[in-house]
């Protein structure tokens, strides 16, 4: 019974005896902060994070990367504290937006890898990336200006995107639509260059540039 148990002797917190361990055993260390904080987000927190990212993409696309985090919070319908809880700095928010854009491209590429028209799938994806590159280019430039190595971020997503694009290219070549002598590296270079230029072109000129690029990629009748 509880009344029969004598009270334990109280000691100051700093003098509490350490837990006894067998001789020669290394003391157990607390897990690093990164592992302690890697818990999955609660459902409401995950929803708020997604709302902030969606709003940030819209805001940066419409107003540029100089737009305030307060505007992002307003569009997302959350408090500014919620934004900073998920993204402590504006750079971390921009990095997350860039990661979401790349992940979206990867998903779009993978969704086309089984298309019945391999050539159409390849050129459709190329056009999609060029058409949606303005925000990606602006975010990338802002991060680079802040000294952040954007090439090192989301390496897994970049590899996934590269792999899916490689499948699209191979299938289009096997279908006889894209030139067999074009490699993935050349396609990536064309995609990057065209996307970079697209932000400075009107819609009609951009469409014409894509026509020229696509004509150069297509197989020519023998």
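Residue numbers (UniProt numbering): 1 to 222. Beta carbons are placed, not taken as given, at the ideal position from N, Cα and C, and that holds for glycine.
Residue i - DSSP class collapsed to helix/strand/coil
i           : result
residue 178 : strand
residue 87  : coil
residue 113 : coil
residue 101 : helix
residue 201 : coil
residue 66  : coil
Residues bridged to residue i [DSSP beta-bridge criterion]
i           : result
residue 218 : 178
Nonlocal neighbours in the same chain, by C-beta distance under 7 Å from residue i, ignoring five residues either side
i           : result
residue 128 : 108
residue 182 : 217
residue 190 : 213
Residues near residue i by beta carbon distance below 6 Å, same chain, minus five either side
i           : result
residue 98  : 139
residue 172 : 118, 119, 122 and 178
Delimiting residues of the alpha helix (DSSP H) encompassing residue i
i           : result
residue 78  : No alpha helix (DSSP H) holds residue 78; DSSP gives it neither H nor E.
residue 136 : 133-145
residue 44  : 43-63
residue 197 : 184-198
Contact belief for residue i with residue j at Cβ below 8 Å, rounded distance in angstroms
i           : j           : result
residue 135 : residue 60  : 6 Å
residue 161 : residue 94  : So it is not a contact: roughly 19 Å between Cβ atoms.
residue 82  : residue 96  : Incorrect: roughly 14 Å between the Cβ atoms, too far for contact.
residue 113 : residue 164 : 6 Å
Proximal residues to residue i (C-beta, below 8 Å), its chain only, five neighbours per side dropped
i           : result
residue 58  : 75
residue 195 : 129, 130, 133, 136 and 137
residue 54  : 76
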